[in-house]
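Chemist:
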Amino acid sequence: MEGIGLYWFVLGYTGETGIYWQGLVCTGLYWDILAGTGMGDFVGGNGTGRAWGCPMSLGMSPTLPMSPAMSPRCQQAVPKLSPGCPHVPRDVPTLSPHPQPCPHAVPTLSPDPQPCPHAVPGVSPTVPVSPELWPFQALPFSSLGGHPRVALGLSLLCPSVPGDVPRDVPKLSPHPQPCPQGCPQAVPMSPTVPVSPELRPFQALPFSSLGAEPFALGGHPGVALAQPAAGACALLEWDQLGGSFRAQRVINGSSPVACHPVPLGDTLLLVVAQLGGGSWVWRRSGGPGSAFVRHQALGAGRLRRPHAVAAARLAGHLYLGVADSSKGGTSTVFRWASGGFYPHQALRPWQRDTHLEFLELGGRPALVLCGAARRPLVYRWSGDAFAPHTDIPHVPDAYAAKHFRLRGSVFLCLTRFLGDAKVMRWEGSMFREVQQVPARGSLVFQPLLLAGHRYVLLGNDFAPSRVFRLGAGGRLEPAQDLPAPTPRAFVPVAVGHRHFLVASSFKGATQIYAHVTEDVGT
Numbered sequence: 113m114e115g116i117g118l119y120w121f122v123l124g125y126t127g128e129t130g131i132y133w134q135g136l137v138c139t140g141l142y143w144d145i146l147a148g149t150g151m152g153d154f155v156g157g158n159g160t161g162r163a164w165g166c167p168m169s170l171g172m173s174p175t176l177p178m179s180p181a182m183s184p185r186c187q188q189a190v191p192k193l194s195p196g197c198p199h200v201p202r203d204v205p206t207l208s209p210h211p212q213p214c215p216h217a218v219p220t221l222s223p224d225p226q227p228c229p230h231a232v233p234g235v236s237p238t239v240p241v242s243p244e245l246w247p248f249q250a251l252p253f254s255s256l257g258g259h260p261r262v263a264l265g266l267s268l269l270c271p272s273v274p275g276d277v278p279r280d281v282p283k284l285s286p287h288p289q290p291c292p293q294g295c296p297q298a299v300p301m302s303p304t305v306p307v308s309p310e311l312r313p314f315q316a317l318p319f320s321s322l323g324a325e326p327f328a329l330g331g332h333p334g335v336a337l338a339q340p341a342a343g344a345c346a347l348l349e350w351d352q353l354g355g356s357f358r359a360q361r362v363i364n365g366s367s368p369v370a371c372h373p374v375p376l377g378d379t380l381l382l383v384v385a386q387l388g389g390g391s392w393v394w395r396r397s398g399g400p401g402s403a404f405v406r407h408q409a410l411g412a413g414r415l416r417r418p419h420a421v422a423a424a425r426l427a428g429h430l431y432l433g434v435a436d437s438s439k440g441g442t443s444t445v446f447r448w449a450s451g452g453f454y455p456h457q458a459l460r461p462w463q464r465d466t467h468l469e470f471l472e473l474g475g476r477p478a479l480v481l482c483g484a485a486r487r488p489l490v491y492r493w494s495g496d497a498f499a500p501h502t503d504i505p506h507v508p509d510a511y512a513a514k515h516f517r518l519r520g521s522v523f524l525c526l527t528r529f530l531g532d533a534k535v536m537r538w539e540g541s542m543f544r545e546v547q548q549v550p551a552r553g554s555l556v557f558q559p560l561l562l563a564g565h566r567y568v569l570l571g572n573d574f575a576p577s578r579v580f581r582l583g584a585g586g587r588l589e590p591a592q593d594l595p596a597p598t599p600r601a602f603v604p605v606a607v608g609h610r611h612f613l614v615a616s617s618f619k620g621a622t623q624i625y626a627h628v629t630e631d632v633g634t
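Following this line, the structure appears as structure tokens:
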């Protein structure tokens with residue numbers, strides 16, 4: 113700042129804007145001498161502030177000597193400031209590159225504190241003034257030091273001026289400091305910023321689907337999708353190069369309602385339950401991209417209208433359960449033996465069953481069977497077969513049942529198309545209601561684990577689907593709404609460190625959502 117007069121650099125060398133300097137009276141040492149000398153004020157008919165754009169002509173403090181090396185711009189500006197200049201009145205003091213005394217009407221400038229000018233009303237002439245730095249503006253971002261920066265205005269303050277001049281300006285240091293409490297632009301920073309996970313749309317697949325079942329084979333995750341409208345089963349897998357999911361049509365069928373994957377070692381079995389043409393088991397022995405071949409017929413005419421498929425390992429054996437929704441059909445449990453699934457046990461007939469769920473109750477395998485004709489029925493494993501144990505009251509027309517475990521307790525999520533969904537807890541001999549959840553045409557009430565978070569998703573046909581978090585005691589806490597049209601299944605998929613949710617849609621595009629963590633502090 114060599115060669116610049118005392119603190120005049122604060123004005124930004126904007127001499128031509130002196131029309132507004134009248135408002136600076138007594139806001140800094142001797143700035144009142146600028147009043148009336150701007151471009152818009154006329155003394156003798158001419159403006160006198162135009163030449164102030166040259167900072168070299170403003171040397172007014174004997175303590176800050178002017179540099180003998182003047183720029184060409186200043187050398188041209190200074191000679192024009194003479195009494196003979198046609199644009200400058202003769203009563204304006206001559207400006208020179210050397211320090212000059214102030215006009216006679218203003219007290220002599222000194223580096224020592226001086227009393228405020230007598231012309232300022234309401235200010236005592238004996239009050240000393242001293243240069244200080246005080247906060248001028250807070251910038252709403254942090255720089256390399258990690259703290260918000262404060263722009264400082266340099267001023268000579270008159271302490272007794274009433275109104276706008278602060279008295280309690282905090283001490284400044286050369287190190288980065290947070291904004292003072294009195295700074296209105298300061299952005300509060302929390303040492304621990306809370307985060308909130310949520311589901312965001314990631315990809316829409318251009319087809320509808322009824323069922324979705326996850327699987328993993330050889331470290332490659334995937335989802336089997338049943339497409340009754342297209343008459344096919346598709347495998348949804350991650351495309352590493354494209355950075356998205358792709359669905360490959362692998363099996364053609366006749367209105368498949370369930371495509372249930374069953375990994376066996378290096379072989380992937382796909383149980384295809386169809387409304388026409390019988391149900392079949394397909395097999396793929398190679399890796400991704402290998403073709404499926406027909407392995408066996410399932411049920412040999414026993415299944416009339418299959419509706420849902422589930423699998424479980426019990427006592428070292430693989431079992432497959434199929435719910436039959438036909439009036440004359442019978443839900444059946446199959447057992448894997450000699451390279452195929454064969455009927456092991458017939459469950460209740462003539463009940464139009466819609467869903468079955470394998471689970472464990474009190475350390476014993478169990479099975480919950482839902483149907484439209486009666487209350488859900490609980491079966492318990494008796495050593496080689498399932499025996500009826502009890503039913504679940506107050507839910508006469510449950511469509512599906514899904515379970516989850518929390519702190520050693522078993523919970524059951526029951527959904528109904530007409531009526532509210534319910535959360536039940538196993539009390540040792542029967543299920544008791546924990547919570548009733550409003551539903552609007554719901555056919556899926558799915559608990560799942562996604563990125564380490566426990567969720568329960570309620571799919572609605574006539575309202576937005578809802579995402580719940582698990583709270584204390586298994587109660588559900590609303591988290592967000594999900595615009596998934598007519599959902600029939602929700603499936604979590606993990607790809608490396610990324611997590612996704614696949615939502616099958618019966619009347620719209622199959623949706624894929626990405627699980628992201630939102631910084632609620634921003």
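When we follow my numbering, the leftmost residue of the sequence shown carries the number 113, and every step to the right adds one. We treat Cβ as the ideally placed atom computed from N, Cα and C, and that holds for glycine. All figures in this text were calculated on a predicted structure; none of them were measured in a lab.
(1) Which stretch, first to last residue, makes up the beta strand (DSSP E) that contains Asp-593?
(2) Helix, strand or coil: which one does DSSP assign to Gly-585?
(3) Does DSSP classify Arg-492 as helix, strand or coil?
(4) Provide the residue(s) that pair with Gln-339 in DSSP beta bridges, ordered along the chain.
(5) Could you pull the start and end residues of the beta strand (DSSP E) that Tyr-454 belongs to?
(6) Using a Cβ-Cβ cut-off of 7 Å (strictly less than) and excluding sequence neighbours within five positions of Glu-310, which residues of its own chain qualify?
(7) If you follow the beta strand (DSSP E) that Asn-364 is part of, which residue opens it and which one closes it?
(8) I need the DSSP call for Glu-539, collapsed to helix, strand or coil.
(9) Once the 5 residues before and after Arg-312 are set aside, which same chain residues still bring their CB inside 7 Å of it?
(10) So, Ala-370 versus Gly-323, is the Cβ gap smaller than 7 Å?
(11) How would you label Pro-604, buried or exposed, when you count the other beta carbons within 10 angstroms and need 16 or more for buried?
(12) Looking only at DSSP bridge pairs, what is Ser-521 linked to?
(13) Between the beta-carbon of Ser-554 and the beta-carbon of Arg-537, is there less than 7 Å?
(14) For Trp-493, which residues from the same chain have a beta carbon less than 7 Å from its beta carbon, with the 5 sequence-adjacent residues on both sides left out?
(15) Would you mind giving the Cβ-Cβ distance between Pro-550 and Asp-532, rounded to the nearest angstrom? I have them listed as a contact below 8 Å.
(16) Rounded to a whole number of angstroms, what is the C-alpha to C-alpha distance between Ala-458 and Ser-437?
(17) Taking 8 Å as the cut-off, does the segment 440-450 touch the segment 386-406 (at least 3 CB pairs, one atom from each stretch)?
(18) Under DSSP, the beta strand (DSSP E) around Thr-379 begins and ends at which residues?
(19) May I ask you to report which of helix, strand or coil DSSP gives Val-507?
(20) Residues in the same chain with beta-carbon distance under 6 Å from Pro-219, minus the five sequence neighbours each way, listed in chain order, please.
(21) Where does Phe-404 fall in DSSP's three states?
(22) Span of the beta strand (DSSP E) holding Ala-478?
(23) Taking the Cβ atom as the reference point for each residue, do Thr-527 and Phe-557 lie within a distance shorter than 7 Å?
(24) Between which two residues does the beta strand (DSSP E) holding Gln-558 run?
(25) Can you say whether Pro-180 is buried or exposed, counting buried as having 16 or more other CB atoms within 10 angstroms of its CB?
(26) The beta strand (DSSP E) with Ser-367 in it runs from where to where?
(27) Rounded to whole angstroms, what's the CA-CA distance from Met-659 to Ala-403? Just pull it up for me.
(28) If we count the other Cβ atoms within 10 Å of its Cβ and call it buried at 16 or more, is Glu-325 buried or exposed?
(29) Using only alpha-carbon positions, find the residue among His-515, Pro-508, Phe-602 and Arg-361 that is nearest to Glu-469.
(30) Following the continuous beta strand (DSSP E) through Thr-444, name the residue where it begins and the one where it ends.
(31) Which stretch, first to last residue, makes up the beta strand (DSSP E) that contains Phe-327?
(32) Report the partner residues of Leu-569 according to the DSSP bridge assignment.
(33) Does DSSP put Leu-530 in a helix, a strand or coil?
(34) Is the Cβ-Cβ distance between Pro-559 and Val-568 less than 7 Å?
(35) Specify, as a first and last residue, the run of the beta strand (DSSP E) that Leu-468 falls within.
Modeler: Let me lay it out:
(1) Residue 593 sits at position 481 when you count from the first residue of the sequence shown. 588-594 is the span of the beta strand (DSSP E), which, as asked, contains Asp-593.
(2) One-based indexing of the sequence shown puts residue 585 at position 473. Helix, per DSSP.
(3) For the purposes of this step, residue 492 is taken as the residue at position 380 of the sequence shown. Here DSSP, grouped into helix, strand and coil, assigns Arg-492 to strand.
(4) Residue 339 sits at position 227 when you count from the first residue of the sequence shown. Per DSSP, Ala-344.
(5) Translated into the one-based positions of the sequence shown, residue 454 becomes position 342. Per DSSP, Tyr-454 is one residue of the beta strand (DSSP E) stretching across 452-461.
(6) The residue labelled residue 310 in the question sits at position 198 within the sequence shown. Within the same chain, Glu-310 has close Cβ partners Gln-592, Val-628 and Glu-630.
(7) Walking along the sequence shown from the start, residue 364 turns up at place 252. Counting along the chain, the beta strand (DSSP E) containing Asn-364 begins and ends at 356-364.
(8) Counting from 1 along the sequence shown, the entry for residue 539 is found at position 427. Note: Glu-539 maps to coil in three-state DSSP.
(9) Position 200 of the sequence shown, counted from the start, is the residue given in the question as residue 312. Listed in chain order, the non-local C-beta contacts of Arg-312 below 7 Å within the same chain comprise Tyr-625, Ala-626 and Val-628, local neighbours out to five positions each way being set aside.
(10) Your numbering for residue 370 matches position 258 in the sequence shown. Your numbering for residue 323 matches position 211 in the sequence shown. It is a contact, given that the beta carbons lie within the stated cut-off.
(11) Taking the sequence shown and counting its residues from 1, one reaches residue 604 at position 492. By the neighbour-count criterion, in which a residue is buried when 16 or more other Cβ atoms sit within 10 angstroms of its Cβ, Pro-604 is buried.
(12) Numbered from 1 along the sequence shown, position 409 holds the residue referred to as residue 521. Beta bridge pairing from DSSP links Ser-521 with Leu-518.
(13) By one-based count along the sequence shown, residue 554 stands at place 442. By one-based count along the sequence shown, residue 537 stands at place 425. Not a contact, by the Cβ cut-off of 7 Å.
(14) Position 381 of the sequence shown holds residue 493. Only Leu-426, Arg-476, Pro-477 and Ala-478 meet the Cβ criterion.
(15) For the purposes of this step, residue 550 is taken as the residue at position 438 of the sequence shown. For the purposes of this step, residue 532 is taken as the residue at position 420 of the sequence shown. Contact between Pro-550 and Asp-532 holds: their C-beta atoms lie close to 5 Å from each other, under 8 Å.
(16) Reading the sequence shown from its first residue, position 346 is the one you call residue 458. Reading the sequence shown from its first residue, position 325 is the one you call residue 437. Whole-angstrom Cα-Cα distance: 14 Å.
(17) Touching, no, given that fewer than three Cβ pairs across the two stretches are closer than 8 Å.
(18) Numbered from 1 along the sequence shown, position 267 holds the residue referred to as residue 379. For Thr-379, the uninterrupted beta strand (DSSP E) segment begins and ends at 379-386.
(19) Within the sequence shown, residue 507 is the residue found at index 395, counting from 1. If DSSP states are grouped into helix, strand and coil, Val-507 belongs with coil.
(20) As a working mapping, residue 219 is identified with position 107 in the sequence shown. Caution is warranted here: a pLDDT of 47 is assigned to Pro-219, below 50, making its placement in the model unreliable, and the coordinate value is therefore given only provisionally. If we look at Pro-219 and ignore the five residues flanking it on each side, it has no Cβ neighbours.
(21) For the purposes of this step, residue 404 is taken as residue 292 along the sequence shown, with counting starting at 1. In the three-state reduction of the DSSP assignment, Phe-404 falls in the coil class.
(22) As a working note, residue 478 is residue 366 in the sequence shown. Start and end: 476-483.
(23) Your numbering for residue 527 matches position 415 in the sequence shown. Your numbering for residue 557 matches position 445 in the sequence shown. Yes.
(24) Residue 558 sits at position 446 when you count from the first residue of the sequence shown. Its beta strand (DSSP E) spans residues 556-562.
(25) By one-based count along the sequence shown, residue 180 stands at place 68. With a pLDDT of only 41 at Pro-180, under the threshold of 50, the placement of this residue in the model should not be trusted; the figure read from the coordinates follows. Exposed.
(26) Here the question's residue 367 lines up with position 255 in the sequence shown. First-last for Ser-367: undefined, no H or E at that position.
(27) Within the shown structure, residues of the chain are numbered from 113 to 634, placing residue 659 beyond reach of any answer.
(28) Against the sequence shown, residue 325 aligns to sequence position 213. For Glu-325, the number of other beta carbons within 10 angstroms of its own is at least 16, and it is reported as buried.
(29) Your numbering for residue 469 matches position 357 in the sequence shown. The shortest CA-to-CA distance from Glu-469 to any of His-515, Pro-508, Phe-602 and Arg-361 is the one to His-515.
(30) What you label residue 444 is simply residue 332 of the sequence shown in a count that begins at 1. From DSSP, the beta strand (DSSP E) with Thr-444 extends over 442-449.
(31) Reading the sequence shown from its first residue, position 215 is the one you call residue 327. Under the DSSP assignment, Phe-327 falls in the beta strand (DSSP E) whose first and last residues are 323-329.
(32) On the sequence shown, position 457 is the one that residue 569 refers to. Per DSSP, the beta-bridge partners of Leu-569 are Gln-558 and Val-579.
(33) The count along the sequence shown starts at 1 and reaches residue 530 at position 418. Looking at Leu-530 - three-state DSSP - the assignment turns out to be coil, as it is neither helix nor strand.
(34) The sequence position of residue 559 within the sequence shown is 447, counting from 1. The sequence position of residue 568 within the sequence shown is 456, counting from 1. For the pair Pro-559 and Val-568, the CB atoms are nearer than the 7 Å cut-off.
(35) Translated into the one-based positions of the sequence shown, residue 468 becomes position 356. Where Leu-468 is concerned, the enclosing beta strand (DSSP E) stretches over 465-473.
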